[in-house]
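Scroll down for the structure; my scribbles are underneath it.
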Amino acid sequence: MIDEFAKGYLHSDLRELREVMLWKLDGLSEADVRRPLVASGTNLLGLVKHLTLTESRYFGEVFGRPFPEPLPRWDDLSARGLDMWAAEHESREDIVGRYRRAWVHSDATIDALAVDSPGHVPWWPRPDVMLFNVLVHVLTETARHAGHADILREQIDGATGVGP
394 MIDEFAKGYL HSDLRELREV MLWKLDGLSE ADVRRPLVAS GTNLLGLVKH LTLTESRYFG
454 EVFGRPFPEP LPRWDDLSAR GLDMWAAEHE SREDIVGRYR RAWVHSDATI DALAVDSPGH
514 VPWWPRPDVM LFNVLVHVLT ETARHAGHAD ILREQIDGAT GVGP
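The sequence shown begins at 394 in our numbering and counts up by one.
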């Protein structure tokens, strides 16, 4: 049986990785946080934008607790990948602020629900899930992108690791 200890442990790890993601932006110029250093065009600020969408959707729609700000439709193929970089009109403050608001929304969902609470992920092959499944998925997704951010940051100024 999955218990509340596991839920708390996963949630704690997610909180730490969120901070790591924002630390990757610290001390960098606006140009550097937007600079694409890989062929896909992904940049540091875009990774934060992507994780905002990830948390907002998984801890929102999946559990019938929609994020209060507009999100692109999950099935809008024309919007796929656009969240991996910041558009010119999107400021660092706006993107980081929205990420922090997504944390608050996600944390409220995690705190309000039992670890075995049911959810529905319509874009997954096995769409019926529990909070536990989503916590593991979002933690894995955040860790993956924190690794990407580490590589991008190292290419910019040589900084590596999880914080100052």
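Where is the CB? At the ideal position from N, CA and C, for every residue including glycine.
Values in this document were obtained by computation on a predicted structure and should not be read as measured data.
Supposed close pair L475, L545 - CB separation, criterion 8 Å: L475 to L545, Cβ: 18 Å. No contact.
Where G512 falls: helix, strand or coil (DSSP): strand
Cα-Cα separation between H443 and R491, rounded to whole angstroms: 11 Å
Buried or exposed by the 16-neighbour rule on C-beta atoms within 10 Å, applied to F452: buried
Supposed contact pair D509 and L528 - C-beta distance, whole angstroms, cut 8 Å: 11 Å between Cβ atoms; not a contact.
Between the CA atoms of D396 and G540 - distance to the nearest angstrom: 28 Å
Rounded straight-line distance, which links the Cα of P429 to that of I503: 33 Å
V522 - partner residues in DSSP beta bridges: G512
Beta-carbon spacing of L440, H538 below 8 Å: yes
C-beta atoms of R485 and E412 nearer than 8 Å: no
Coarse secondary structure for H404, derived from DSSP in three states: helix
Where the alpha helix (DSSP H) containing A507 begins and where it ends: Unbroken run through A507: none, as it is neither H nor E.
P459 versus G554, V497 and I488, residue with shortest Cα-Cα distance: V497
Proximity to A552 [Cα-Cα], best of K417, D500 and S405: K417
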